[in-house]
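In what follows, a structure is listed as structure tokens, so that the remarks can point back to it.
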Amino acid sequence: MAAGGLSLSALTAAVSERAGGKLAARIEGDAGRRVQSVATLSAATGAQLSFLANPRYRGEALASGAGAIALAPAEAAALRDAARSDAVLVVVDQPYAWFALATQLLHPAAAAATGIDVAAHVAAGALVDGSASVGPGACIGAGARVGAGAVIGAGAVLGAGAVLGDESWLHPNAVVLDHCEIGARCIVHSGAVIGADGFGFAPFEGRWIKIPQVGRVVIEDDVEIGANTTVDRGTMGDTRIERGAKLDNQIQIAHNCVIGAYTVIAGCVGIAGSARIGAHCQIGGAAMIAGHLTIADGCAISPGTLVAASIDQPGQYTGYFPMMPHRDWERSAAIIRQLEELRRRVRELEAAQRRATP
Amino acid sequence: MAAGGLSLSALTAAVSERAGGKLAARIEGDAGRRVQSVATLSAATGAQLSFLANPRYRGEALASGAGAIALAPAEAAALRDAARSDAVLVVVDQPYAWFALATQLLHPAAAAATGIDVAAHVAAGALVDGSASVGPGACIGAGARVGAGAVIGAGAVLGAGAVLGDESWLHPNAVVLDHCEIGARCIVHSGAVIGADGFGFAPFEGRWIKIPQVGRVVIEDDVEIGANTTVDRGTMGDTRIERGAKLDNQIQIAHNCVIGAYTVIAGCVGIAGSARIGAHCQIGGAAMIAGHLTIADGCAISPGTLVAASIDQPGQYTGYFPMMPHRDWERSAAIIRQLEELRRRVRELEAAQRRATP
Amino acid sequence: MAAGGLSLSALTAAVSERAGGKLAARIEGDAGRRVQSVATLSAATGAQLSFLANPRYRGEALASGAGAIALAPAEAAALRDAARSDAVLVVVDQPYAWFALATQLLHPAAAAATGIDVAAHVAAGALVDGSASVGPGACIGAGARVGAGAVIGAGAVLGAGAVLGDESWLHPNAVVLDHCEIGARCIVHSGAVIGADGFGFAPFEGRWIKIPQVGRVVIEDDVEIGANTTVDRGTMGDTRIERGAKLDNQIQIAHNCVIGAYTVIAGCVGIAGSARIGAHCQIGGAAMIAGHLTIADGCAISPGTLVAASIDQPGQYTGYFPMMPHRDWERSAAIIRQLEELRRRVRELEAAQRRATP
């Protein structure tokens with residue numbers, strides 16, 4: 306961040322530039338006011354920027370001590386009518402996207418020390434760009450390539466022949482195994498494991514013969530992989546995460562899956578082998594997706610839902626047991642065990658009724 | 306452990322001291338008998354201590370070869386009546402708590418070598434107390450602080466500006482990222498990741514703009530964090546785990562959650578962003594809790610339950626599908642897909658009945 | 306792999322030798338054809354081996370460019386009738402098991418450099434076999450033992466007094482904690498944590514007293530443990546994974562569980578404390594198994610199923626909510642909350658009918 310923060314006029318110009326000329330904002334109030342950081346509406350003070358994207362927080366906006374608030378035109382009008390005058394209003398059609406870029410400008414990632422730490426372990430034959438950063442304890446295998454501006458944190462591992470693209474980050478103790486490829490501008494968080502063996506065994510005489518997993522993981526540009534998430538290498542052929550997909554923590558992606566571009570997957574999701582998830586999908590937390598199926602572009606899967614068959618139409622799909630006080634659940638669960646009996650009784654009543662009313 | 310173990314009289318005195326004068330125990334039998342370690346009722350031998358807290362294991366207590374058994378007064382009477390005479394009985398109102406402290410005394414944690422291992426990597430400007438222990442391969446960032454008696458295991462990472470309180474442990478390969486704070490007497494198990502980025506993106510023209518996560522994780526005193534559990538840093542403001550909370554393995558705590566004091570969370574639980582869990586709650590394994598909701602103090606959530614809305618009354622709440630033989634489940638599931646149809650048929654029967662009996 | 310690959314006659318002989326003289330295959334076509342690697346039916350080219358184990362892929366086999374295809378006699382006949390002539394057919398009763406062994410022969414694991422890397426950290430008193438490989442950044446504790454041909458990857462940790470058996474692998478950043486034992490020919494994938502403390506606390510005056518976990522984890526021969534899977538040490542006594550069991554990624558095995566021989570557990574499964582899973586079971590992804598119960602040998606648990614009570618008969622057991630379009634689910638869920646009311650109405654209809662038809 307520029308020392309002393311940025312004036313709102315400078316910030317709006319910089320955001321618009323990052324957005325390719327879009328996200329133009331109109332400033333209502335002192336465009337020269339400087340902001341230094343971001344905060345929530347309730348916590349923000351005069352040198353801080355906040356945002357209002359959901360009308361239910363309008364009350365918090367009215368009471369906020371923020372120096373500036375980004376918000377949509379309709380909300381700006383509402384605040385103006387309420388004679389709210391302390392905050393400068395940054396009026397923009399998509400305030401949440403605008404705020405995200407403004408936060409990037411006000412809170413740039415801490416610059417990593419350029420170069421290879423003396424306590425890093427780089428195998429002979431690895432190619433590390435001179436502008437990359439490799440932390441202490443990090444290990445880079447033979448034949449690996451690390452792109453310009455890439456950052457490898459303490460204790461992270463990049464296997465033999467693996468590739469980390471330009472400006473991508475491996476956070477501390479993340480692991481990318483041999484021959485896997487990570488694109489540009491990706492983020493792999495701590496504890497994530499990219500390229501462990503897929504789970505493949507052939508039964509033989511009561512035991513299991515391991516099937517070597519000879520494929521790779523290929524992660525395209527602009528992908529984020531959460532902490533302790535695992536993405537297994539393909540059995541034959543690759544597991545692929547397409548550009549712009551975002552994966553939260555504690556996710557399991559099995560061998561030979563394809564995760565479509567710009568799809569977002571919340572925490573604790575599991576996706577079994579060879580599933581193909583479309584582009585622009587949203588998978589809720591702890592959803593579980595069976596293997597060898599296809600989910601169409603643009604699907605939303607609710608949290609906690611088990612997807613056991615392909616979905617070929619966009620839409621929202623749900624399947625979890627509704628929560629109840631425990632005693633109610635016990636009764637509900639008992640009836641569910643006897644639903645067939647209940648249906649039979651209804652059928653008998655219907656038959657009796659038909660006999661009674663000829 | 307004292308060489309040769311401890312006599313039961315010394316052990317009961319030491320437990321009571323640890324319990325602040327509470328947990329006074331009465332010894333029935335030879336108070337000078339020495340015990341060296343703990344074991345289950347079925348495995349224990351004469352130099353071992355065991356416990357009986359659940360009457361269903363009374364038979365095992367009667368058959369046990371343990372040198373001493375901690376148990377409640379009522380159980381002691383039952384054992385006495387059965388002429389059980391080999392074991393010394395340690396009679397105490399709360400035998401499980403007594404046994405926990407006795408185990409701590411008989412099995413103290415292996416002392417870690419004091420000081421910084423020559424193969425550890427400590428950045429300039431980090432403050433490591435002289436009584437702390439830092440293992441080989443561990444990395445401590447600039448400006449980090451490590452308290453008295455704290456232990457950082459092999460390969461663990463403490464980020465720049467992060468704090469590890471007195472007598473707290475980071476087990477091997479655990480990660481605490483920049484500027485997060487861990488209180489005193491905490492335990493962070495291997496593979497846990499504290500302070501990775503929360504999952505926050507703003508949609509913009511079909512892609513996702515990352516919202517920098519500028520908050521921290523703050524973990525208060527006496528908290529335990531299980532292996533491979535993840536606790537994300539706040540977007541703005543902090544994610545907080547309050548004092549005395551205990552988290553098992555493979556848990557995901559998203560950005561800006563608050564976990565109340567003394568709450569226990571079993572393995573594989575996921576808690577989405579900005580959820581506030583009360584104090585003294587018990588969250589069962591694999592429960593999933595949606596974001597932006599509140600759970601009252603003293604709630605129990607059953608395993609496998611999805612909590613989709615706030616809970617404002619203490620109590621036990623449940624919601625999982627009861628298990629059945631697969632064929633029964635197939636029929637049950639088919640009827641559940643047609644529950645609305647079943648209800649309609651009941652309504653028609655009721656209407657017909659009303660017409661028939663005017 | 307032998308340079309230039311292997312001829313099919315050499316390959317079939319080698320597979321049969323690995324299988325103890327079983328899996329004899331008959332070659333239809335040029336037994337001298339050389340194959341260098343494996344690929345799927347759709348991707349394979351002339352120097353590659355593929356397989357057909359499921360009749361639904363027969364069309365892909367007919368169109369495949371593979372140099373050789375392993376398949377069962379019945380499928381071979383079908384392909385022959387279709388005048389498929391390019392691929393040499395390897396006809397064998399169990400083509401999937403044959404193919405698994407053939408893949409092992411064509412794709413042997415990359416040989417790790419024998420010896421201890423100069424950047425590894427081996428405590429005094431650890432015994433590392435001269436044929437073992439220890440990577441950079443790996444840490445081996447005092448008194449640990451590493452068997453012949455074992456491989457410890459970059460950044461992996463083997464605790465004090467722990468044992469890694471002959472030809473077993475710890476992949477990068479895997480952790481095996483103090484005094485745990487891993488048998489021969491095991492694979493522990495990256496990020497797995499073996500031997501963290503079990504989750505045991507005694508309640509006392511509103512807080513939780515930690516119960517030291519003084520048992521171990523014992524993993525028998527030929528076990529595979531997936532990436533980021535956790536297996537906790539026993540409270541007293543051991544947690545045990547019996548020979549030949551295979552565990553996928555992101556699994557949680559709590560203290561004092563026993564996982565039976567040759568049981569396979571898919572990703573994201575959680576198993577609570579002291580559960581005993583039989584031999585030759587198959588546990589589907591994200592299934593959750595409560596503690597202190599027993600599952601009989603040969604059970605199959607469907608994905609997403611919560612097992613809350615013991616199972617004493619082999620069979621398949623299921624319990625997950627079927628997925629629906631969200632609007633349908635909302636209606637279904639509402640009725641499930643009122644199932645008791647629905648059953649009452651059926652009872653009233655039945656009573657009315659009995660009154661009407663004496």
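Residue numbers (this note's numbering), protein chains in the order written: chain A, 306 to 663; chain B, 306 to 663; chain C, 306 to 663.
For every residue, glycine included, the Cβ atom is placed at its ideal position computed from N, Cα and C.
As the structure is a prediction and not an experimental result, all values here were calculated from the model.
- Listed as beta-bridge partners of A:Leu432 by DSSP are A:Arg450.
- Interface flag for A:Asn359 against chain B is unset, since no Cβ pair is found closer than 8 Å.
- For a cut-off of 8 Å, the C-beta gap from A:Leu410 to A:Ala319 is around 5 Å, short enough to register as a contact.
- The beta carbon of C:Pro630 sits closer than 8 Å to some beta carbon of chain A.
- With its beta carbon less than 8 Å from one in chain C, B:Gly549 belongs to the interface.
- For B:Phe504, the closest alpha carbon among the candidates B:Gly590, B:Pro517, B:Val498 and B:Val493 is that of B:Pro517.
- The shortest C-alpha to C-alpha distance from B:Asp335 to any of B:Gly364, B:Gln341, B:Asp391 and B:Arg361 is the one to B:Asp391.
- Taking a C-beta distance under 8 Å as the contact criterion, B:Gly500 and B:Val522 qualify as a contact pair.
- In this structure the segment 532 to 541 of chain C touches the segment 526 to 545 of chain A; the number of beta carbon pairs closer than 8 Å is three or more.
- Under the three-state reduction of DSSP, A:Glu333 is assigned to strand.
- For C:Gly420, the three-state secondary structure derived from DSSP is strand.
- Bounds of any beta strand (DSSP E) do not take in B:Gly624, whose DSSP letter is neither H nor E.
- The three-state reading of DSSP puts B:Gln557 in strand, counting E and B together.
- B:Trp513 is bridged by DSSP to B:Pro508.
- Burial state of B:Asn561 is buried, judged by a 10 Å Cβ sphere holding 16 or more other Cβ atoms.
- Contact annotation: in the segment 610 to 626 of chain A, residues whose CB is within less than 8 Å of a CB in chain B are Tyr625 and Phe626.
- The beta carbon of B:Asp553 sits closer than 7 Å to those of Gly531, Ile570, Ala571 and Gly572, all from its chain and outside the five residues before and after it, given in chain order.
- No residue range can be given for C:Ile616, since it is assigned to no beta strand (DSSP E) and is classified by DSSP as neither H nor E.
- Around A:Gln587, the same chain offers Val569 and Ala605 as residues with beta carbons nearer than 6 Å, after the five sequence neighbours per side are excluded.
- Between the segment 378 to 388 of chain A and the segment 433 to 450 of chain A, the count of C-beta pairs closer than 8 Å stays below three; the two stretches do not touch.
- Taking one beta carbon from each stretch, the segment 477 to 493 of chain B and the segment 506 to 516 of chain B have fewer than 3 pairs nearer than 8 Å; the two do not touch.
- Considering only beta carbons, the part of the segment 529 to 561 of chain B lying closer than 8 Å to chain C consists of Glu529, Gly531, Ala532, Asn533, Gly549, Lys551, Asp553, Asn554 and Gln555, in chain order.
- Sequence-distant partners of A:Ala465 (beyond 5 residues in either direction) whose C-beta falls short of 6 Å from its own C-beta, in its chain, are Gly446, Ala447, Gly448 and Asp483.
- Put simply, the CB of A:Ser495 is near chain B, with a gap under 8 Å to one of its CB atoms.
- Within the DSSP secondary-structure output, A:Glu529 pairs in a beta bridge with A:Ile492 and A:Lys551.
- Annotation for C:Gly590: Ala571, Gly572, Cys573 and Pro608 place their beta carbon closer than 6 Å to its own, counting only its chain and skipping 5 residues before and after.
- Against B:Ile514, the close residues of chain A are Ala402, Ala405 and Leu406, in the order they occur along the chain (beta-carbon pairs closer than 7 Å).
- The residues Ala344, Gly370, Ala371 and Gly372, in chain order, have a CB closer than 8 Å to that of B:Thr350 in the same chain once the five nearest residues on each side in sequence are set aside.
- Residues of the segment 417 to 428 of chain A with a Cβ closer than 7 Å to any Cβ of chain C, in chain order: His426.
- Only buried fits C:Ser637, as 16 or more other CB atoms lie within 10 angstroms of its CB.
- Take B:Glu472, set aside five residues on each side of it, and the residues of its chain with a beta-carbon closer than 8 Å to its own are Gly452, Ala453, Gly454, Ala455, Ala489 and Arg490, in chain order.
- In the three-state reduction of the DSSP assignment, C:Arg361 falls in the helix class, which pools H, G and I.
- Across the structure, A:Gly460 and C:Glu365 are spaced so that their CA atoms are roughly 44 Å apart.
- Among the bridge pairs identified by DSSP, A:Pro413 is matched with none.
- What B:Gln409 touches in chain C, judged by beta-carbon distance under 9 Å, is Ile514, Lys515, Ile516 and Pro517, going in chain order.
- For C:Thr535, the enclosing beta strand (DSSP E) has its first and last residue at Thr535 to Asp537.
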